[in-house]
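Numbering (our numbering), first residue to last: 1059 to 1978.
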């Protein structure tokens, strides 16, 4: 039965057979949330990473204590557009200069340039023009495993370990079954060389050598010089002490491929391993223990050179952890808890996903399972020793901004300290709460050890173990086009990266000035040169491939531009090198990236659009909402859960149009649903895990505006969704007779309409402003309307009121229409009465016969505003002059120029008419 629904300010009849369970999210939230994160957390992270800056002699330290961006720009948004200025606010940083010798501390607030502010519409005004920073779709940092087949039909496995910033590690097997490694894309060498180079005896030797150089060295200075000095040594990593063959075999077990690598490896211990890697990385330079050790430390353990980022650590833990690897395997030995010694699982038991999680979260380092390719053989699976923190604490780690997965050896040590705290605290409730609070503070202070930002030895061991396990059928290779392996870099992250580049350049200047300036007289202001920082930000907004001149042809073009996902740009793909696979529609795009809306031409598949319900999680992966199915009671709940592409992989998900009865139970015994790898099949209804929230969650906002989309050919739908963005705003907008229900959301979120801020009554209304008296007694709200402004594309921006004097309005209601909107709904064209004629009716190909009334009544008339500039310059031949007195031009051509030689306001001009008279 048709239902009346309110869309915009109109009431329409809805013929939808599917109940709406979730309203569409704000469509530009992706931009606003990301910028807010940058202001609140992103800037602080960069300052934290770079602080303190020390001089080469370690006499001075410059610390960034705090920062603030005020929201008051020098000019408001409209004034910025008129003056060709940037809508920006001052960034001020509190900086502390500490003299290590005298202990003197100088603190100053330093101005670090004007920082562009995002407008309410999710755009930036830069040099007077509205710009949009497009979200970039890039490969996520993490370990990736691949397989290829050689001429003899053998499987060759390879691995690439990609950080967010820093040296890559690549493992590969050749046809002789030798395992090799490439460090930072250099020549390959046996994988045992890198294992030897990272052995812990090298750290102890380095500590010894530093102590010999300076016996008075303090522990904190030693920890700075030897970054791994305080690193926790797990039982597994401690086995690798001298890097001998025996130690490596003890860790990984007897493995033919590892044995062949050892035979090929010319090195036998940590010292030789270090030097061998140094020779490959620095050919021609003499290899000493000191220089080789320092190079490895800088490559993998220096936070400024190697950074996994939050997402990298998350991907490492997900891929290298035990739970995903041993699920559905059969145990070859009992598994015991390292903390209690309790048997968690017995030999010959099949490991379920839940049991695999329990084994991993108990802190088990390795497990023996049965090989899937070799009958009866036991295979050692080594994890990277990270556990879920929430299993060991009573509070939510997210509240304290502690990572969810933490390094178990560090946690074990802190849990011992917690026990001691509880013993000394007493048994009262208050004492226990205080002990818990102290433990939470302890976890926060050890955040970087609990979740290291760099790679650790356990990661390297687990990554080699994963590669060895693949030949036994344990573990999976990765699909790099899967959206579980591709993430979004939103505006906040792009700005953060650019800001980091600027600060790194400034750091070099500060260090140089610290050595030149008089230590006693210098101040933070004198040391800091903000030009590299402001230049980096200017460079990003002015010339980055991802900072684009906003497409403002109509509100839909504006909205789509802000939701665009681009695989191009710095650190992304190039259209010349991108193959077919990366451009193709992938099953993981379902509900995340629109399969329809993409450009035709060279960028096809490289530029896409976020779907209507798609949201971005903290790691930059796209999530889509689903309704949870209660399997016990057998009905579809209203509990909405957001899932990423790889979380969805193991689940069975029904479509939104699957028939339900009044109690939200599936009507059919067998349900059409998507299983693993996006395969669509019939499944028994009691096996279904989730259900889609809406049929339009698959497509973007532009595609969702096409009525009866399911009847269209995909290629024509692609053209239609792109062409809607090219419609120019008409003199009189006309909402479609048949809509799809998203028209009001698109108009509202595009920012072209005026929304009421509070409930109230309209006191005054004319074409330029609306005054509303608020119901809460907070005075009047005044809304100024934009009249005949030029958009970026030269179309006309004109707002007109749609409320009457005395009318009562509610907060969030549309009170004025903008370009291409009608009563709060998007209206891109006109509802014309058309007839299709055959050839006998004198039509030919794409010709259109128009009724003259359409011209007479301005049905399809649009207004375009052009701006022309003319400059009078001083040239070598004398100054140019703007005048009405132009030689060899008749009076008829000058009739509309004023006495200054400039066209008068209100004159009607044709092409090639004179607008400004100028003689040179």
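Glycine is no exception: its CB is placed at the ideal position from the N, C-alpha and C atoms.
Simplified DSSP assignment, three categories, for residue 1156
Here residue 1156 sits in strand by DSSP.
(Q) What does the Cβ neighbour count give for residue 1538, buried or exposed, with the cut at 16 atoms within 10 Å? (A) exposed
Original post:
Are residue 1204 and residue 1216 closer than 8 Å when you measure CB to CB?
Top reply: Contact annotation: residue 1204 and residue 1216 have beta-carbon atoms nearer than 8 Å.
How long is the line joining the alpha carbons of residue 1250 and residue 1327, rounded to whole angstroms?
Approximately 10 Å, taken between the alpha carbons.
* Please name the residue or residues paired with residue 1190 in a DSSP beta bridge. => 1606
task = Let me know the alpha helix (DSSP H) ranges lying completely inside the region 1189-1258, each 4 residues or longer, listed in chain order.
result = Within the region 1189-1258, the complete alpha helix (DSSP H) runs of at least 4 residues are 1249-1255.
- request: Leaving out five residues on either side along the sequence, give the residues of the same chain with a beta carbon under 8 Å from the beta carbon of residue 1864.
  value: 1819, 1820
Just to confirm, is the Cβ distance from residue 1238 to residue 1248 under 8 Å? yes
Starting from residue 1496, trace the alpha helix (DSSP H) in both directions and tell me its first and last residue. Start and end: 1487-1503.
> With 16 as the cutoff for other CB atoms within 10 Å, does residue 1140 come out buried or exposed?
Replying inline: exposed
### Task
Could you check which residue in 1892, 1509, 1472 has the C-alpha nearest to that of residue 1365?
1509
Just to check my reading of the structure: residue 1881 and residue 1075 have Cβ atoms closer than 8 Å, yes? What is that Cβ distance to the nearest angstrom? Going by Cβ atoms, the distance from residue 1881 to residue 1075 rounds to 26 Å, so no, they are not a contact pair.
If you draw a straight line from the C-alpha of residue 1673 to the C-alpha of residue 1080, how long is it?
13 Å
Would you call residue 1331 buried or exposed, if buried means 16 or more other Cβ atoms sit within 10 Å of its Cβ?
Residue 1331 comes out buried.
For the alpha helix (DSSP H) containing residue 1569, list its first residue and its last residue.
1549-1574
| Cutoff 8 Å; reference residue 1726; Cβ partners in own chain excluding five residues on either side | Closer than 8 Å at the Cβ level, and outside the excluded window around residue 1726, lie 1716, 1717, 1743.
Item to check | Residues near residue 1779 in its chain [Cβ-Cβ closer than 6 Å; skip 5 each side] | outcome: 1654, 1655, 1760, 1761
- prompt: Is the distance from the Cβ of residue 1808 to the Cβ of residue 1858 below 8 Å?
  reply: no
task: Would you identify the three-state DSSP class for residue 1934, choosing helix, strand or coil?
output: coil
Under the rule that 16 or more other beta-carbon atoms within 10 Å means buried, what is residue 1922, buried or exposed?
exposed
**Message:** Distance check for residue 1110 and residue 1274, CA to CA, integer angstroms please.
**Reply:** 23 Å
Whole angstroms is fine: what's the gap from residue 1531's alpha carbon to residue 1254's?
Residue 1531 and residue 1254 have their C-alpha atoms spaced approximately 27 Å apart.
Between the beta-carbon of residue 1397 and the beta-carbon of residue 1420, is there less than 8 Å? yes
Flag this pair as touching only if the region 1369-1377 and the region 1290-1308 have three or more C-beta atom pairs under 8 Å; answer yes or no.
no
- request: Identify, in the order they occur along the chain, each residue of the same chain with its Cβ nearer than 6 Å to the Cβ of residue 1310, setting aside the five sequence neighbours on each side.
  value: Cβ within range, chain order: 1316.
### Query
Are the beta-carbon atoms of residue 1735 and residue 1644 separated by less than 8 Å?
no
- Query: Between residue 1307 and residue 1597, what straight-line distance do the alpha-carbon atoms span, to the nearest angstrom?
  - Reply: Each residue's Cα considered, the two are about 52 Å apart.
Excluding sequence positions up to five away, which residues of its chain have a Cβ less than 7 Å from the Cβ of residue 1861? 1820, 1823, 1828, 1867, 1873
For this session: Give every residue of the same chain whose Cβ lies closer than 8 Å to the Cβ of residue 1973, excluding the five residues on either side of it in the sequence, and list them in chain order.
Result: 1926, 1928, 1960, 1961, 1967
Measuring CB atoms only, is the region 1673-1684 touching the region 1698-1705, in the sense that at least three cross pairs come out at less than 8 Å? yes
Point to revise | Whole-Å CB distance - residue 1152 paired with residue 1124, under 8 Å assumed | key: 4 Å
(request) Can you tell me which of the three DSSP states residue 1952 falls into? (result) helix
Coil, strand or helix - residue 1134 by DSSP = Three-state DSSP puts residue 1134 in coil, outside helix and strand.
* Helix, strand or coil: how does DSSP classify residue 1522 here? -> Of the three classes helix, strand and coil, the one that applies to residue 1522 here is helix, per DSSP.
Practice item. Determine which residues share a DSSP beta bridge with residue 1184 and list them. Key: In the DSSP assignment, the residues bridged to residue 1184 are 1187.
Subject >> Rounded distance between the beta-carbons of residue 1611 and residue 1784, thought under 8 Å >> reply: 6 Å
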